[in-house]
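Residue numbers (our numbering): -15 to 131.
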């Protein structure tokens, strides 16, 4: 996000042999549409730099044309999707925050937890203390149940 419109640096890695490589896509785009060094990376049809509002409107138009309800999507959907993919790949929390420039823990709201993983972690709690007698919290020692 560039709220002061001063320009931003976007850091991405290349994956030359992968069809999803953003660097390969950018190189192909620059070959097809050569731009000057001061030109915006993406432009609107009127030649202005791509604005957030225009981007979201274009996404909504495409979703609507494809038969989807555009009100279910927003510009942040891409940001959330990146966090979800990173979590599914196994990225640690701090790396998800670093990758997506999250300043808070809000990204955790979008990460779906795998039920199998939750059950596995829960089972580990049962093995944390191998006591012969069941654990009884101190506050309940000598407590008489009321009938």
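All residues carry an ideal CB built from backbone N, CA and C; glycine is no exception.
Through-space distance from residue 18 to residue 64, alpha-carbon basis: Working through the chain shown from its first residue, we reach residue 64 at position 80. Working through the chain shown from its first residue, we reach residue 18 at position 34. For residue 64 and residue 18, the distance between alpha carbons rounds to 32 Å.
Local conformation of residue 50 per DSSP, three classes: The count along the chain shown starts at 1 and reaches residue 50 at position 66. Looking at residue 50 - three-state DSSP - the assignment turns out to be coil, as it is neither helix nor strand.
Identity of the residue in 106, 5, 89 nearest residue 67 by Cα: By one-based count along the chain shown, residue 67 stands at place 83. Per the Cα distances, 89.
Nearest to residue 91 (by Cα), restricted to the options 104, 14, 39, 76: What you label residue 91 is simply residue 107 of the chain shown in a count that begins at 1. The shortest C-alpha separation from residue 91 is found at 76.
From 9, 20, 24, 4, residue whose alpha carbon lies closest to that of residue -7: Indexing the chain shown from 1 puts residue -7 at position 9. Of the listed residues, the one whose Cα sits closest to residue -7 is 24.
Exposed unless 16 or more other CB atoms sit within 10 angstroms - verdict on residue 80: The residue labelled residue 80 in the question sits at position 96 within the chain shown. It is buried - the Cβ of residue 80 has at least 16 other Cβ atoms within 10 Å.
Coarse secondary structure for residue 33, derived from DSSP in three states: In the chain shown, residue 33 corresponds to position 49, counting from 1. DSSP, read as helix, strand or coil, puts residue 33 in strand.
Identified DSSP bridge partners for residue 27: Along the chain shown, one-based indexing puts residue 27 at 43. For residue 27, the pairing in a beta bridge is given by DSSP as 33.
Of the listed residues 2, 3, 7, nearest to residue -4 (C-alpha basis): Walking along the chain shown from the start, residue -4 turns up at place 12. Of the listed residues, the one whose Cα sits closest to residue -4 is 7.
CB contact below 8 Å: residue 106 versus chain D: The question asks about chain D, but that chain is absent: this structure has only one protein chain.
Neighbour-count burial assignment, residue 58, 16 or more Cβ in a 10 Å radius: As a working mapping, residue 58 is identified with position 74 in the chain shown. Answer is exposed; the Cβ neighbour count stays below 16.
Residue from 61, 12, 104 with nearest C-alpha to residue 36: The residue you call residue 36 lines up with position 52 of the chain shown. Nearest to residue 36 by C-alpha distance, out of 61, 12, 104, is 61.
Identity of the residue in 38, 3, 78 nearest residue 87 by Cα: As a working mapping, residue 87 is identified with position 103 in the chain shown. Residue 78 is the option with its Cα nearest to residue 87.
Rounded straight-line distance, which links the Cα of residue 82 to that of residue 108: Within the chain shown, residue 108 is the residue found at index 124, counting from 1. Within the chain shown, residue 82 is the residue found at index 98, counting from 1. Rounded to whole angstroms, residue 108 to residue 82 spans 29 Å at the Cα level.
Local Cβ density within 10 Å of residue -1, reported as buried at 16 or more and exposed below that: Here residue -1 is taken as the residue at index 15 of the chain shown, counted from 1. Answer is exposed; the Cβ neighbour count stays below 16.
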